[in-house]
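Undergrad:
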Amino acid sequence: MILYLDASALVKLYVDEDGARQARQGVQGAEVVATCEIAYVEVRAALARRRREGSLKPADYRRAVRDLHSDWPEFFLITVGSPLVREAGTITERYRLRAYDAVHLAASLAVQARTEETVTFACWDRALADVAVKAGLQLFPIV
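Quick note, the sequence shown lines up with residues 4 to 146 if you use this note's numbering.
#1: Going by other Cβ atoms of all chains shown within 10 Å of its Cβ, with 16 needed for buried, is D9 buried or exposed?
#2: How many angstroms separate the CA atom of A102 from the CA atom of A91?
#3: Measuring alpha carbon to alpha carbon, tell me which residue in E96, V14, T123 and D104 is nearest R66.
#4: Rounded to whole angstroms, what is the Cα-Cα separation between L100 and D128?
#5: Report the rounded CA-to-CA distance for V134 versus E96, giving the unit in angstroms.
#6: What separation, rounded to the nearest whole angstrom, lies between the Cα atoms of T26 and P144?
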């Protein structure tokens with residue numbers, strides 16, 4: 004299985020929260036785990052916010068950042084370039100998605116096109132999940 008993780012799914016690999024166990028099991032069962040380069044910034048921002056708000060202890064924050072940095076080269080990364088950005092712009096208009104959600108959807112569709120295999124899309128956002136299914140992706144998990 005090719006599993007694409009948006010930032011909401013990726014952060015669950017590093018923070019114990021609802022859906023974390025599910026996300027980790029999905030990654031363990033996947034042959035390939037893909038994401039878009041922008042997810043790194045999104046996850047770092049989410050971790051920093053949790054640290055500032057006090058829901059993530061400083062030691063847990065440092066561990067999460069270290070683990071993300073260590074795991075990052077293992078992901079099948081989709082580069083943010085002009086073709087992807089243009090496709091995301093079209094997706095934003097077509098499906099009324101937020102900008103980075105559209106980038107993640109465009110990236111997952113690019114993985115599917117390159118590999119000619121069905122991509123399983125992991126996110127914890129109902130609107131994005133619904134659009135991913137409409138766009139022809141398999142959904143993991145059901146949010």
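No residue lacks a Cβ here, since even glycine has one placed at the ideal position from N, Cα and C.
TA: If we stick to the structure as given:
#1: Buried: at least 16 other Cβ atoms inside 10 Å.
#2: A direct Cα-to-Cα measurement between A102 and A91 gives close to 7 Å.
#3: V14
#4: 11 Å
#5: 12 Å
#6: According to the sequence provided, residue 26 is Ala. The question's Thr does not apply to it. Those two C-alpha atoms are separated by around 8 Å.
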